[in-house]
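Residue numbers for the sequence shown follow the working numbering, beginning at 1 and rising by one. Structure first, commentary second.
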Amino acid sequence: MQKVSDKEVFTVRNDEFFEQVVSFLEQGRRVTIPCKGYSMLPTIRGGKDLVVLEKREKYVPGDIVLFCTGGHHVLHRILKEGGRGFITRGDGNFTGEETCAEEDVFGKVVEILRDGKKPVNPDSPGEKRKLAVWDAFLPLRRYLKAIYVRLPWNRGWIGNM
């Protein structure tokens, strides 16, 4: 255990962490988790935002979901249904898609907590408009993301690309 200012911080292995997250979701509980990485930029900022997850009976294109692929838990957006599962991609990714079986989807992001505080509904009309604009720049995402992560107020939370 490590002490950071007046809070105690401890590290849990990813597999143990997600085992507990999945268990809570299967019990019908809402779960709030921190995010890391930059595959969901600008929608979700790793190291800054938290997401609130809920299990749903059905997942549809446009949902941001937690799923398991290749032994890793990933938070990406469903692009379309494909076969017996889904085709997904992170909002920040300009290439590459993953497929996941329906049974490997554990929950949907129902709220994004900006900077861990300000609640944002990812399904709100405003967020959908922002996503539509971002999607229009798909061929330029690589360059826009490179600029975005190098802005002075973003330094230190995303690391080098």
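C-beta: ideal position from N, C-alpha, C; glycine also.
key: Boundaries (first-last residue) of the beta strand (DSSP E) holding Leu-131   = Counting from 1 along the sequence shown, the entry for residue 131 is found at position 131. Element bounds for Leu-131: not the beta strand (DSSP E) but the alpha helix (DSSP H), 125-136.
inquiry  = Just to confirm my understanding: we take Trp-157, look at its own chain, exclude 5 residues before and 5 after, and list those with CB closer than 8 Å. What are they?
reply    = Looking up residue 157 in the sequence shown gives position 157. For Trp-157, the pLDDT reaches just 44, beneath the cut-off of 50, and the residue's location in the model is therefore unreliable, leaving the point undetermined.
ask   = For Val-120 versus Val-65, is the C-beta spacing smaller than 7 Å?
value = In the sequence shown, residue 120 corresponds to position 120, counting from 1. In the sequence shown, residue 65 corresponds to position 65, counting from 1. For Val-120 and Val-65, no; Cβs fall outside 7 Å.
request  = May I have the straight-line CA-CA distance separating Glu-26 from Leu-144, to the nearest angstrom?
outcome  = Here residue 26 is taken as the residue at index 26 of the sequence shown, counted from 1. Here residue 144 is taken as the residue at index 144 of the sequence shown, counted from 1. Rounded to whole angstroms, Glu-26 to Leu-144 spans 38 Å at the Cα level.
ask   = His-76 and Arg-89 look like a contact to me (Cβ under 8 Å); what is the Cβ gap, rounded to whole Å?
value = By one-based count along the sequence shown, residue 76 stands at place 76. By one-based count along the sequence shown, residue 89 stands at place 89. Rounded, the Cβ-Cβ distance is 6 Å, consistent with contact.
inquiry  = Nearest by alpha-carbon distance to Lys-50: which of Ser-39, Gly-96 and Gly-116 is it?
reply    = By 1-based counting over the sequence shown, the position of residue 50 is 50. The question names Lys, but residue 50 is Leu in the sequence shown. Minimum Cα distance to Leu-50 is reached at Gly-116.
query = With burial defined as no fewer than 16 other Cβ atoms inside 10 Å of the residue's Cβ, what is the status of Leu-53: buried or exposed?
reply = Residue numbering aside, residue 53 sits at position 53 when the sequence shown is read from its first letter. Classification of Leu-53: buried, given that the 10 Å Cβ count is 16 or more.
inquiry  = Using only CA atoms, which one of Thr-95, Val-74 and Leu-138 lies nearest to Val-22?
reply    = As a working note, residue 22 is residue 22 in the sequence shown. Closest by alpha carbon: Val-74.
ask   = For Gly-147, which of helix, strand or coil comes out of DSSP?
value = The residue given as residue 147 occupies position 147 in the sequence shown. Looking at the sequence itself, residue 147 is Ile, so the reference to Gly does not match. Ile-147 falls in the helix class under three-state DSSP.
key: Exposed unless 16 or more other CB atoms sit within 10 angstroms - verdict on Ala-138   = Here the question's residue 138 lines up with position 138 in the sequence shown. As written in the sequence, residue 138 is Leu, which differs from the Ala given in the question. Counting Cβ neighbours within 10 Å, Leu-138 comes out exposed, since fewer than 16 surround it.
Environment of Thr-43 [buried if 16+ CB atoms lie within 10 Å] = Counting from 1 along the sequence shown, the entry for residue 43 is found at position 43. Buried, since its Cβ has 16 or more Cβ neighbours within 10 Å.
Which residues DSSP lists as bridging Ile-87, in chain order = To locate residue 87, count along the sequence shown from 1; it is residue 87. Looking at the DSSP assignment, Ile-87 forms a beta bridge with Lys-80 and Thr-99.
message = Which residue wins for smallest C-alpha separation from Leu-131, given the options Gly-62, Phe-17 and Ile-33?
response = On the sequence shown, residue 131 is found 131 positions in, with the first residue counted as 1. That would be Gly-62, whose Cα lies nearest to the Cα of Leu-131.
inquiry  = Taking the straight line between their C-alpha atoms, what separation do you get for Gly-70 and Glu-98?
reply    = Sequence index remark: in the sequence shown, residue 70 carries index 70 (1-based). Sequence index remark: in the sequence shown, residue 98 carries index 98 (1-based). One C-alpha to the other measures close to 10 Å.
query = With which residues is Gly-107 paired in a DSSP beta bridge?
reply = Taking the sequence shown and counting its residues from 1, the one referred to as residue 107 is at position 107. Beta-bridge pairing links Gly-107 to Leu-66.
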